[in-house]
Amino acid sequence: MLRDSFGRVATDLRVSLTDKCNLRCTYCMPPEGLDWLPNPQLLTADEIVRLVTIGVERLGITEVRYTGGEPLLRRELADVVARTTALTPRPQVSLTTNGIGLARLAGALADAGLDRVNISLDTLDPGTFKRLAHRDRHADVIAGLAAADEAGLRPVKVNAVLMRGVNDHEAVPLLRWCLDQGYELRFIEQMPLDAQHGWSREGMVTADEILDLLSASFDLAADDLEERGSAPAERFLVNGGPARVGVIGSVTRPFCGSCDRVRLTADGQVRNCLFATEESDLKTPMRAGASDDELAERWVAAVARKRAGHGIDDPSFLQPARPMSAIGG
Ligand code: SAM
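Residues in the sequence shown are numbered from 542 upward in steps of one, following the numbering used here.
Structure below.
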């Protein structure tokens, strides 16, 4: 088991398949993009599947989420998903994506056994999308959402980050639209993980503000706390349910005490937290011939060192060197 010194057990593995992305969302990276990891440093599909297999078969991982960067940019994605869903015990397998290209790929991913998707959509307005993501791809995201739903990758969850003065007036329209489409919307507080270090506490639209904005138009009732478990989103029944909306207050309402996540970067580093400043290298020993037992031991030791919390409120907090796109959100 992947147990840390505070007794938390990691069962939810987030795997970044690439640090590359075809959008440039301002809360994540600069318009010119970043220096991507050189290809030889990226885990191959076989290496990814080997590490995921160790996680699932030996270390108690029950959920695998493929992310990035943009995971749909990895050509081997459907193959990696198929090999993951073939594992015993079979993990839940999901994808976090910007949805671009999903209109073409959703069927193949569903055939590979993918259970569901989280798709990022911050605005209903193509012009705002272009300003926020520096690419004119709004229609592709909307088509990707529809294709995911059509392919049965449900519940289709939508992730939205609100930015003050950019799209914070869209909280209500976004929820109304998601309710109409049958998608489950989750608002994520903007976190200090952008490559440009442009985040500020004052600029962040907080969970409290989001709930105030929504409450003006919807009747929200907190969902059963028991049901939340280790989920990052606080969920609320909308207008009596059954539809729900989630709010992920990573900064102002941290949920580190019940965190069950561990991350694997596209270059094979184990990270215990989005905000971790330490990583444990599995790629180098794997390429040097380490056995599955040895890799599992290193992984167990890495998780044992997990910190109590993300520490954003500590005076000594330092933003991690890797931006969100290179960690895997
Ligand atoms: N490219 C994929 C996507 O767009 O969903 C997967 C990777 S992306 C890093 C995963 C999620 O992280 C997205 O929903 C994105 O909006 C969110 N995200 C990125 N930077 C963020 C930040 N600084 N604060 C909060 N959420 C962020």
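Virtual Cβ for every residue (Gly too), placed ideally from N, Cα, C.
A straight-line Cα-Cα distance of about 11 Å links glycine 782 and phenylalanine 759. The beta carbons of leucine 558 and asparagine 639 sit no closer together than 8 Å. The beta carbon of glutamine 810 sits closer than 8 Å to those of Glu820, Ser821, Asp822, Leu823, Lys824, all from its chain and outside the five residues before and after it, given in chain order.
Relative to ligand 1, the nearest heavy atom lies less than 7 Å away from the CB of tyrosine 568. At least 8 Å separates the beta-carbon of leucine 752 from that of valine 707. CA-to-CA, the gap between phenylalanine 777 and arginine 727 works out to about 10 Å. Distance between phenylalanine 796 and alanine 651, taken at the CA atoms: about 31 Å. The closest heavy atom of ligand 1 lies less than 7 Å from the beta carbon of glutamine 731. Judged by the Cβ position, threonine 637 qualifies as a neighbour of ligand 1 at the 7 Å threshold, a heavy atom of the ligand being closer than this. For valine 697, the closest C-alpha among the options Arg631, Met570, Glu598, Val682 is that of Val682. With a cutoff of 8 Å on beta-carbon distance, arginine 555 and valine 590 are scored as not near each other. Cysteine 719 places its beta carbon less than 8 Å from that of valine 699. Here the C-alpha atom of alanine 687 lies approximately 11 Å from the C-alpha atom of isoleucine 660. Relative to methionine 704, the option among Cys569, Lys561, Arg678 whose CA is nearest is Cys569. Note on geometry: alpha-carbon atoms of alanine 649 and alanine 619 lie some 7 Å from one another. Judged by beta-carbon spacing, glycine 830 lies beyond the 8 Å limit of threonine 608, meaning their Cβ atoms are not closer than that value.
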